[in-house]
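Peer 1:
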Amino acid sequence: MSLDKATVAHIAKLARIAVPEQDLPGLATELSGILKWIEQLDSVDTSKVEPLSSVVNATLRFREDNITDGGQRDAVLANAPVSAQGFFVVPKVVE
Amino acid sequence: MATLLHGATGEWEMVIGLEVHAQVTSKAKLFSGAATEFGAEPNTQVSFVDAGMPGMLPVINRVCVEQAVRTGLGLKAQINKVSVFDRKNYFYADLPAGYQISQYLQPIVGKGTIILDLAGGETREVGITRLHLEQDAGKSLHDQDPSSSFVDLNRAGVALMEIVSEPDMRTAEEAGAYLRKLRSILRYLGTCDGNMEQGSMRADVNVSVRKPGAPFGTRCEIKNVNSIRYVQQAIEYEARRQIDIIEDGGTIKQETRLYDARKGETRSMRSKEDAHDYRYFPDPDLLPLVVQDGLIKSIAESLPELPDEKKARLVRDYGIPLYDASVLILEKERADFFEAVAKGRDSKLSANWVTGELFAALNKTGRDVTDSPISAAKLGGLIDLISDNTISGRIAKDVFEIMLETGKDAGAIVEEKGLRQVTDTGAIEGVIDAVLAANADKLAEYRSGKDKLFGFFVGQVMKQSGGKANPALVNELLKKKLAG
Numbered sequence: 000m001s002l003d004k005a006t007v008a009h010i011a012k013l014a015r016i017a018v019p020e021q022d023l024p025g026l027a028t029e030l031s032g033i034l035k036w037i038e039q040l041d042s043v044d045t046s047k048v049e050p051l052s053s054v055v056n057a058t059l060r061f062r063e064d065n066i067t068d069g070g071q072r073d074a075v076l077a078n079a080p081v082s083a084q085g086f087f088v089v090p091k092v093v094e
Numbered sequence: 000m001a002t003l004l005h006g007a008t009g010e011w012e013m014v015i016g017l018e019v020h021a022q023v024t025s026k027a028k029l030f031s032g033a034a035t036e037f038g039a040e041p042n043t044q045v046s047f048v049d050a051g052m053p054g055m056l057p058v059i060n061r062v063c064v065e066q067a068v069r070t071g072l073g074l075k076a077q078i079n080k081v082s083v084f085d086r087k088n089y090f091y092a093d094l095p096a097g098y099q100i101s102q103y104l105q106p107i108v109g110k111g112t113i114i115l116d117l118a119g120g121e122t123r124e125v126g127i128t129r130l131h132l133e134q135d136a137g138k139s140l141h142d143q144d145p146s147s148s149f150v151d152l153n154r155a156g157v158a159l160m161e162i163v164s165e166p167d168m169r170t171a172e173e174a175g176a177y178l179r180k181l182r183s184i185l186r187y188l189g190t191c192d193g194n195m196e197q198g199s200m201r202a203d204v205n206v207s208v209r210k211p212g213a214p215f216g217t218r219c220e221i222k223n224v225n226s227i228r229y230v231q232q233a234i235e236y237e238a239r240r241q242i243d244i245i246e247d248g249g250t251i252k253q254e255t256r257l258y259d260a261r262k263g264e265t266r267s268m269r270s271k272e273d274a275h276d277y278r279y280f281p282d283p284d285l286l287p288l289v290v291q292d293g294l295i296k297s298i299a300e301s302l303p304e305l306p307d308e309k310k311a312r313l314v315r316d317y318g319i320p321l322y323d324a325s326v327l328i329l330e331k332e333r334a335d336f337f338e339a340v341a342k343g344r345d346s347k348l349s350a351n352w353v354t355g356e357l358f359a360a361l362n363k364t365g366r367d368v369t370d371s372p373i374s375a376a377k378l379g380g381l382i383d384l385i386s387d388n389t390i391s392g393r394i395a396k397d398v399f400e401i402m403l404e405t406g407k408d409a410g411a412i413v414e415e416k417g418l419r420q421v422t423d424t425g426a427i428e429g430v431i432d433a434v435l436a437a438n439a440d441k442l443a444e445y446r447s448g449k450d451k452l453f454g455f456f457v458g459q460v461m462k463q464s465g466g467k468a469n470p471a472l473v474n475e476l477l478k479k480k481l482a483g
C-alpha cells in the first residue's frame, strides 16, 4: 500500500500536525516505505488465528467501586496555561 | 396507515434509529477512583487518569461492568463473555487524552429487544443492536466569556452505556415510546437514573425518509437531544426537511446536525465533517474484558420484576385493562402505589382512581407519586366509602378535591361536611314528590310521551338532595313515581 499526498495531508489534519505543502511528497514516500516494510507480515497465513488485542495472556483486573481519588483541583489545574474559577480556560470552541 | 407523511409527490415513511447514552449508576468512574456525583464544584472530582496525564493507567470498575451486564439482561440481550476496549480518537477541549475509551468491534452486549407500549395498549417490538461501555467527556461552558470556553472535567471518565437501536421506528411517537420504555427499564434495574435534564440520559437520533417499501434513504444524525419532547420535535422537523429537499430534486447529504429547541429546527454541525474518521484501535493499556458465567448467572438471578412482566401480572391478577397497566408500569413507584390501593379492594375502581383523578392531580402540580399529597392508604379509604355506598362516585370527586387540599381522611371529610349518601327510600321519595309537585307542567309533558325529560327530573332530584341521593335509587324510585 502506498500513500498519496492527499492522504498524508488528511492524516496530518486529523492528528493536528501542521505540514507544509512542500513536505508532503517526501512524507508520502517515507510513510509508504514504512507501510511496505510492515506489509511483509501479510505473507504469514493467519486465517486460523484469533485476532489478538493484547500480547499478554491475561484478562482485565477489576477495581472495586469506591471513591479513592479526586479532590485535588489545584494539582489538576497546575499545568493548564490558563485557568479561572476552578475551570480550564481554552480558546472559544462553540457551534 | 396514518403513520406516513404527505409530500408533493405522494406519501413518505420515516425510518428512525436511536443511540442513547445512559450514565451508569456507580459511585466511582469507569477507569478511575474519582466520584461521579452530579453538581460538584468544577474539577474537584478529577483523577490524573481522567485529566489525561502522561503515564496514568486506567483500571476498570467492577460495578460498571456488572451494571452493563444487568442492563443487557434486562434488554433480553446476548452478553459477550469477551469484549475489548478501543480508543476513539478525536480532538476536543473537553477530551483531555485526545481519545475516548470505548468499545467498537467487540461490545460487552449484543442483540436484544425492547417492547414499546403505544396508545390504546398496542405494542411493537424494536431491536437493540448493541450496548457498549465507554467514558463520558468533560463539560464545556461557552457563555462565561466572549473569547474563551471554560472546561470542567468532573464528568470526564464517568461510565456511559451507549445503547443502539435498530432502525425499526417509523414515527416520532414510537421514538418517544422507545425512550420512555428504555428509561423505565433502566430505572427498574437501577443501572441509570434516566434523568434527561441532568444529562444522565441523552439521545442521538438517526432519521431518514423513503417511499414506503423502498430501500433506506440517506440518514442524518441529530446529536445530543436532551428531552423526549425535543426528540419528537426534531424528528418531525428533520423528516419534513429531507422530504422537501428530495422533492425539489436535491439529495440528502449524510451529516451530523444539532437541534435548536428555541427555533424548533435542526442545522448542520460543520465542525463534525471529519468526525467519523475516528481511527479506532484496541487500547494497549487495557486487556480484554472477560465476564465469567458465574457472574452473569448471579446477576440474572437478582433481576427485579421488569416492566413487561409487571404489566402482564397486573392484567392477569387485577383484571385491569392493558392500557391502564402500561400507564402504571412506566414508573415502578406508580405500580407500587396502585398495588397498595388495590389490595383487598375493587381493582378496576382502584385503577380508575389512580390513573385518572390521582395522576391528573399529580401532573397538574408537577409532583411524583412518591410525594403524592394523598397516600395510598387514604385513597383506599375513599374507595372503600364508594364501594360500601356511603358516598356516590360524584360526591367522591368533591371529597377527593378536599383531600388534596387538606390531606384529611375521606371518612372525616364526609362526616364533617355531611356528605353521606342518602339511601333512605322514604327520604328520596319525599324529595321526588316535592320535585314533581313543583314541576307539574313538565310532569304532564313526560306522561304524554316526552321521555327525554327523565334526565331533567333526575337532575332536579339530585340538586335538591345536594348531590347526596344515591343515583341508582333515584333512578329506580323516579321511574316508579313518573309512571304514576
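Going line by line, the protein sequences match chains E and L. Residue numbers are given in numbering that gives the first Met the number 0: position 22 of the first sequence equals residue 21, and the series is strictly consecutive. Residue numbers are given in numbering that gives the first Met the number 0: position 75 of the second sequence equals residue 74, and the series is strictly consecutive. All residues carry an ideal CB built from backbone N, CA and C; glycine is no exception.
Are the region 319 to 327 of chain L and the region 85 to 95 of chain L touching by the rule of at least three beta carbon pairs closer than 8 angstroms?
Peer 2: no
Peer 1: Checking the sheet assignment: what are the DSSP bridge partners for residue 84 of chain L?
Peer 2: Looking at the DSSP assignment, residue 84 of chain L forms no beta bridge with any residue, so it has no partner.
Peer 1: Excluding the five sequence neighbours on either side, which residues of its own chain have a C-beta within less than 7 angstroms of the C-beta of residue 462 of chain L, listed in chain order?
Peer 2: none
Peer 1: Find the residues of chain L that neighbour residue 63 of chain E, judging by a C-beta separation of less than 7 angstroms, and give them in chain order.
Peer 2: 61
Peer 1: DSSP three-state label for residue 413 of chain L, please.
Peer 2: Reduced to three states, the DSSP call for residue 413 of chain L is helix.
Peer 1: Could you list which residues in chain E have their beta carbon closer than 7 angstroms to that of residue 285 of chain L, in chain order?
Peer 2: 59
Peer 1: Check whether the Cβ of residue 13 of chain E lies closer than 7 angstroms to any Cβ atom in chain L.
Peer 2: yes
Peer 1: Which whole-angstrom value is the C-beta distance of residue 477 of chain L and residue 431 of chain L, which I expect to be below 8 angstroms?
Peer 2: 6 angstroms
Peer 1: If the criterion is Cβ atoms closer than 7 angstroms, does the pair residue 231 of chain L and residue 208 of chain L meet it?
Peer 2: No; because the gap between Cβ atoms is not below 7 angstroms, this pair is not in contact.
Peer 1: Hey, which unbroken runs of the beta strand (DSSP E) at 3 residues or more fall wholly within the region 225 to 267 of chain L?
Peer 2: 255 to 259 and 264 to 267
Peer 1: With a threshold of 16 other CB atoms inside 10 Å of the CB of residue 37 of chain E, please say whether the residue is buried or exposed.
Peer 2: exposed
Peer 1: Would residue 326 of chain L and residue 354 of chain L be called neighbours here (beta carbons separated by less than 7 angstroms)?
Peer 2: yes
Peer 1: At which residues does the beta strand (DSSP E) containing residue 98 of chain L begin and terminate?
Peer 2: 98 to 101
Peer 1: Using the rule of at least 16 other Cβ atoms within 10 Å of the residue's Cβ for burial, across every protein chain shown, is residue 0 of chain L buried or exposed?
Peer 2: Unreliable placement is indicated for residue 0 of chain L, whose pLDDT of 41 sits below 50; no coordinate value is reported for it.
Peer 1: Check the DSSP bridge columns for residue 62 of chain E and list the partner residues they point to.
Peer 2: L:60
Peer 1: Under a three-way DSSP split, which group does residue 5 of chain L fall into?
Peer 2: strand
Peer 1: Could you give the distance in angstroms between the alpha-carbon of residue 124 of chain L and the alpha-carbon of residue 175 of chain L?
Peer 2: 14 angstroms
Peer 1: So what does DSSP say about residue 222 of chain L, is it helix, strand or coil?
Peer 2: Residue 222 of chain L falls in the strand class under three-state DSSP.
Peer 1: Comparing C-alpha positions only, which one of L:164, L:85 and L:109 sits nearest to residue 126 of chain L?
Peer 2: L:164
Peer 1: For residue 75 of chain E, would you say it is in contact with chain L, using Cβ-to-Cβ distances shorter than 7 angstroms as the test?
Peer 2: yes
Peer 1: For residue 68 of chain E, go through chain L and note every residue whose CB falls closer than 7 angstroms to its CB, in chain order.
Peer 2: Per Cβ cutoff of 7 angstroms: 31, 32, 33 and 46.
Peer 1: Could you please give me the residues that DSSP links to residue 484 of chain L through a beta bridge?
Peer 2: Because chain L is modelled from 0 through 483, residue 484 of chain L falls outside the range shown and cannot be assessed.
Peer 1: Mind reading off the beta-carbon distance from residue 156 of chain L to residue 134 of chain L? Whole number of angstroms is fine, and I expect it under 8 angstroms.
Peer 2: 5 angstroms
Peer 1: Just mark residue 53 of chain L as buried or exposed, buried being the case when its beta carbon has 16 or more other beta carbons within 10 Å.
Peer 2: exposed
Peer 1: Which residue marks the beginning of the alpha helix (DSSP H) containing residue 173 of chain L, and which one marks its end?
Peer 2: For residue 173 of chain L, the uninterrupted alpha helix (DSSP H) run begins and ends at 171 to 188, by DSSP.
Peer 1: Should residue 26 of chain L be flagged as near chain E, meaning a C-beta pair shorter than 7 angstroms?
Peer 2: yes
Peer 1: Three Cβ pairs or more, each shorter than 8 angstroms: is that satisfied between the region 343 to 358 of chain L and the region 385 to 403 of chain L?
Peer 2: yes
Peer 1: When the Cβ atoms of the region 69 to 84 of chain L are set against those of the region 291 to 299 of chain L, are three or more pairs found closer than 8 angstroms?
Peer 2: yes
Peer 1: Looking at chain E, which residues of the region 146 to 173 of chain L have a Cβ within less than 8 angstroms of any of its Cβ atoms?
Peer 2: 146, 147, 148, 149, 150, 151 and 152
Peer 1: Quick one: which chain L residues come within Cβ less than 9 angstroms of residue 91 of chain E?
Peer 2: Neighbours of residue 91 of chain E on chain L, chain order: 141, 144, 145, 146, 147 and 148.
Peer 1: Output yes if chain E places a C-beta closer than 7 angstroms to the C-beta of residue 223 of chain L; else output no.
Peer 2: Not one beta carbon of chain E lies nearer than 7 angstroms to the beta carbon of residue 223 of chain L.
Peer 1: Could you check where the alpha helix (DSSP H) with residue 306 of chain L kicks off and where it finishes?
Peer 2: Bounds of the alpha helix (DSSP H) holding residue 306 of chain L are 306 to 317.
Peer 1: Using the beta-carbon of each residue, which ones in chain A are nearer than 7 angstroms to residue 88 of chain E?
Peer 2: Although the question refers to chain A, the structure presented lacks it and instead comprises the protein chains E and L.
Peer 1: If you measure beta-carbon to beta-carbon, which residues of the region 69 to 101 of chain L are closer than 9 angstroms to chain E?
Peer 2: Within the region 69 to 101 of chain L, the qualifying residues are 81, 83, 84, 85, 88, 89, 90, 91, 92, 93, 95 and 97.
Peer 1: For a cutoff of 7 angstroms on Cβ pairs, would you count residue 192 of chain L as touching chain E?
Peer 2: no
Peer 1: From the DSSP output, read off the bridge partner residues of residue 112 of chain L.
Peer 2: Looking at the DSSP assignment, residue 112 of chain L forms a beta bridge with L:126.
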